[in-house]
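Quick notes on the structure that follows.
2 protein chains.
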Amino acid sequence: MLQNGNYEALYSRIPCYIEFLENCSEEFISSAALAIALNYGEVQVRKDLAKVSNGGKPKIGYRVSSLLVDLKHYMRYELPVTAVIVGMGRLGEALNHYHGFEKLNLKIVAAFDINDQYLNLKDFKNICERENVSLGIITVPKESAQEIADLMVESNIKGIWNFSSTALNVPSDCMVKNENMANSLAILLKLIKDRAE
Amino acid sequence: MLQNGNYEALYSRIPCYIEFLENCSEEFISSAALAIALNYGEVQVRKDLAKVSNGGKPKIGYRVSSLLVDLKHYMRYELPVTAVIVGMGRLGEALNHYHGFEKLNLKIVAAFDINDQYLNLKDFKNICERENVSLGIITVPKESAQEIADLMVESNIKGIWNFSSTALNVPSDCMVKNENMANSLAILLKLIKDRAE
DNA sequence: TAGATTGTTAATCGATTAACAATC
DNA sequence: TAGATTGTTAATCGATTAACAATC
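Going down the list, the sequences are from chains A and B. Take 4 as the starting number for the first sequence in my numbering and just add one per residue. Take 4 as the starting number for the second sequence in my numbering and just add one per residue.
Written out as structure tokens, the structure reads:
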């Protein structure tokens with residue numbers, strides 16, 4: 004496993020900066036204005052931007068256009084990635100049609116399911132190798148999630164976006180990001196319930 | 004805004020403990036076994052469980068059944084919550100049919116959309132008040148997200164699960180949890196790309 | 001020059017990990 | 001009693017915030 008810092012907190016804010024700046028018509032913007040718009044601390048914004056760009060100018064702020072270039076480059080948006088998705092239930096369908104992945108330079112090249120209106124899993128490895136797929140999206144029920152993950156690892160996929168509600172076992176050179184809807188909701192419900200006393 | 008600690012990290016692990024223990028047929032379990040199964044640190048498991056239950060027994064471990072009771076009670080699973088969902092595109096449909104919210108004691112009682120096969124927004128406030136709705140799920144495009152959020156606040160909703168890709172402005176007694184798919188994916192892509200050198 | 005704004009250093013905070021003491 | 005396992009105290013780590021110095 005590689006070792007140079009994780010910065011997930013930072014990585015999660017950068018797309019928000021990008022989103023906001025894409026819709027910003029000014030030539031320059033200050034850290035204070037960004038902080039207010041995105042509900043972050045002012046110092047935090049300056050720290051984030053310092054890590055990513057070569058800085059703003061006192062009294063003027065940051066040039067929006069070059070900040071955008073720097074932020075996107077930092078996130079490596081310019082590198083295209085191809086993905087496949089396995090499990091074409093409602094969630095799989097939703098992700099497959101989602102607008103907003105294009106701007107990340109992600110292309111979903113194949114959709115698999117046991118339902119034969121989609122691609123058959125027997126062709127999975129071939130297709131992944133031919134299309135040089137590096138991301139796998141898992142939207143199958145938890146019972147079959149691990150076997151799909153195994154197939155993905157075997158097919159040289161480097162990252163898994165896991166929507167099934169089970170922990171996956173994969174070698175350390177394959178990244179897994181769990182996106183468990185029910186768990187995420189459980190956190191919000193706990194916060195709501197605690198506030199209500 | 005209430006002030007007694009946030010513990011989001013802890014809250015996000017608890018549903019995983021619960022999930023695992025639901026499918027565990029032993030009478031007792033050790034922190035080490037849980038740690039291995041869920042890929043957490045052993046000490047972290049013990050700290051988490053100490054916060055939630057009244058403890059295990061050295062040499063024996065934790066009683067699975069009472070641990071489950073304590074974990075669910077800590078998360079307040081016993082309190083039912085009613086929710087509404089606005090925006091019945093593919094993602095809205097997926098969430099509306101999602102299995103796994105029931106176990107959290109959440110019931111989605113109404114689905115709204117401008118498409119008139121669903122409920123009309125003009126009845127929103129009435130329905131929310133009648134059904135005592137405390138959670139709103141937003142799956143509309145970002146252009147209309149803020150106005151839906153305003154309507155929810157006005158209708159006394161206490162928490163918003165926001166799938167639109169924009170920051171919402173709400174008073175501090177309404178919790179917002181952002182679930183921005185594209186941003187979440189961006190983080191994973193960044194990690195994958197960095198690893199590939 | 002004065003003032004606004006960036007950049008940096010130090011302090012705080014929270015979460016995780018390590019070391020070890022307590023207990024069945 | 002010895003050994004396994006829990007529980008707790010202290011150390012570490014990372015992220016955020018506060019205070020202030022640098023600069024245009």
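Glycine included, C-beta positions come from ideal geometry on N, C-alpha and C. The structure displayed is predicted, hence computed values, not measured ones.
- Query: I think B:S167 touches B:A148, with their Cβ atoms under 8 Å apart; what is that distance to the nearest whole Å?
  - Reply: Yes, B:S167 and B:A148 are in contact; Cβ-Cβ is about 4 Å, under 8 Å.
- Message: Looking at the secondary structure, which residues open and close the beta strand (DSSP E) in which B:M184 lies?
- Response: From DSSP, B:M184 is part of no beta strand (DSSP E) but of the alpha helix (DSSP H) over 184-198.
- Item | Chain-order list of residues whose beta-carbon lies under 8 Å from that of B:Q6 (same chain, five-residue window excluded) | With a pLDDT of 34 at B:Q6, under the threshold of 50, the modelled position of that residue is not reliable, and no figure is offered here.
- May I ask which residues mark the beginning and end of the beta strand (DSSP E) holding B:L181? According to the sequence provided, residue 181 of chain B is Asn. The question's Leu does not apply to it. Run containing B:N181: 178-181, per the beta strand (DSSP E) assignment.
- Query: When you compare each of A:S56, A:V173, A:G64 to A:E30 by their alpha carbons, which one comes out closest?
  - Reply: Relative to the Cα of A:E30, the nearest Cα in the group A:S56, A:V173, A:G64 belongs to A:G64.
- Kindly indicate if chain A contains any beta-carbon less than 7 Å away from that of B:I195. Answer yes: the Cβ-Cβ gap between B:I195 and chain A drops below 7 Å somewhere.
- Measure the Cβ-Cβ separation of B:L74 and B:I17 and say whether it is below 7 Å. It is a contact, given that the beta carbons lie within the stated cut-off.
- Query: Would B:N123 be called buried (16 or more neighbouring beta carbons within 10 Å of its own) or exposed?
  - Reply: In this structure B:N123 is exposed. Its beta-carbon is surrounded by fewer than 16 other beta-carbon atoms within 10 angstroms.
- Query: Taking just the CA atoms, how far does A:S68 sit from A:S187?
  - Reply: About 35 Å.
- Message: Less than 7 Å between the C-beta atoms of A:E157 and A:T85, yes or no?
- Response: For A:E157 and A:T85, no; Cβs fall outside 7 Å.
- Task: Anything in the stretch 62-80 of chain A with a Cβ closer than 7 Å to a Cβ of chain B? List those residues in chain order, please.
- Result: Under the 7 Å Cβ criterion, the stretch 62-80 of chain A contributes M78, R79.
- Task: Using only alpha-carbon positions, find the residue among A:E45, A:A38, A:Y43, A:Y77 that is nearest to A:N211.
- Result: This structure cannot settle anything about residue 211 of chain A, because the visible part of chain A is limited to 4 through 200.
- Query: Any C-beta of chain B sitting closer than 7 Å to the C-beta of A:K125?
  - Reply: No - not a single Cβ of chain B is within 7 Å of the one on A:K125.
- Given a cut-off of 7 Å, decide if A:L94 and B:A97 are closer than it, judged by their beta-carbon atoms. It is a contact, given that the beta carbons lie within the stated cut-off.
- Message: Quick check: what's the CA-CA separation for B:I140 versus A:V136?
- Response: Roughly 33 Å separates the two Cα atoms.
- Sort B:N165, B:V87, B:T169, B:I163 by Cα distance to B:E132 and report the nearest one. Nearest neighbour of B:E132 by Cα position, chosen from B:N165, B:V87, B:T169, B:I163, turns out to be B:V87.
- Query: Can you name, in chain order, every residue of its own chain whose Cβ lies under 6 Å from the Cβ of A:A113, other than the five neighbours on each side?
  - Reply: Contacts found: V87, L122, I130.
- Item | chain B within 7 Å of A:N186, Cβ atoms only | Yes, its Cβ sits closer than 7 Å to a Cβ of chain B.
- Residue environment, B:G162, which counts as buried when at least 16 other CB atoms sit within 10 Å: Buried, because 16 or more other Cβ atoms sit within 10 Å of the Cβ of B:G162.
- Under three-state DSSP, which class holds A:L165? At residue 165 of chain A the sequence reads Asn, which differs from the Leu that was named. Correct three-state label for A:N165: strand.
- Query: If you check the beta carbons only, do B:V48 and B:S33 fall under 7 Å apart?
  - Reply: Taking 7 Å as the cut-off, the beta carbon of B:V48 is found no closer than this to the beta carbon of B:S33.
- A:N42: contacting residues in chain B (beta-carbon distance under 8 Å): Going along chain B in sequence order, the residues near A:N42 (Cβ under 8 Å) are A170.
- So is B:K180 in contact with chain A if we call contact Cβ pairs under 7 Å? Yes, contact with chain A.
- Query: What does B:P174 touch in chain A if you count any residue whose Cβ is under 7 Å from its own?
  - Reply: Result: empty, since nearest Cβ-Cβ is about 12 Å, beyond 7 Å.
- Query: So what does DSSP say about B:I39, is it helix, strand or coil?
  - Reply: In the structure shown, B:I39 sits in a helix (DSSP, three-state: H, G or I).
- Message: Just to confirm, is the Cβ distance from B:G1 to B:V55 under 7 Å?
- Response: Limits of chain B in this structure are 4 at one end and 200 at the other, which puts residue 1 of chain B out of reach.
- Going by the beta-carbon positions, is the gap between B:Y80 and B:N118 smaller than 7 Å? Not a contact, by the Cβ cut-off of 7 Å.
- Positions along the stretch 143-162 of chain B whose CB lies within less than 8 Å of some CB in chain A: When CB distances to chain A are screened at a threshold of 8 Å, the residues of the stretch 143-162 of chain B falling below it are K161, G162, in chain order.
- Query: Taking 7 Å as the CB-CB limit, is B:L52 close to chain A?
  - Reply: When Cβ-Cβ separations below 7 Å define contact, B:L52 makes no contact with chain A.
- Through-space distance from A:L13 to B:S190, alpha-carbon basis: Looking at the sequence itself, residue 190 of chain B is Ile, so the reference to Ser does not match. So the two alpha carbons sit approximately 9 Å from each other.
- Message: With a threshold of 7 Å between beta-carbons, can A:Y121 be considered close to chain B, or not?
- Response: No, A:Y121 does not count as interfacial toward chain B.
- Task: Establish whether the CB of A:A189 and some CB of chain B are separated by less than 7 Å.
- Result: Chain B places a beta carbon closer than 7 Å to that of A:A189, counting this residue as a contact.
- Task: For A:Y20, decide whether its Cβ has a neighbour in chain B, counting only Cβ atoms nearer than 7 Å.
- Result: It does not: the Cβ of A:Y20 has no partner Cβ on chain B nearer than 7 Å.
- Message: Less than 7 Å between the C-beta atoms of B:L41 and B:C19, yes or no?
- Response: Yes, the pair counts as a contact, with Cβ atoms nearer than the cut-off.
- Query: Can you tell me whether DSSP reads B:Y121 as helix, strand or coil?
  - Reply: Three-state DSSP puts B:Y121 in coil, outside helix and strand.
- Query: If the cut is a Cβ gap below 8 Å, which residues of chain A does B:V84 touch?
  - Reply: For B:V84, the C-beta contacts it makes with chain A under 8 Å involve L192, I195, K196, in order along the chain.
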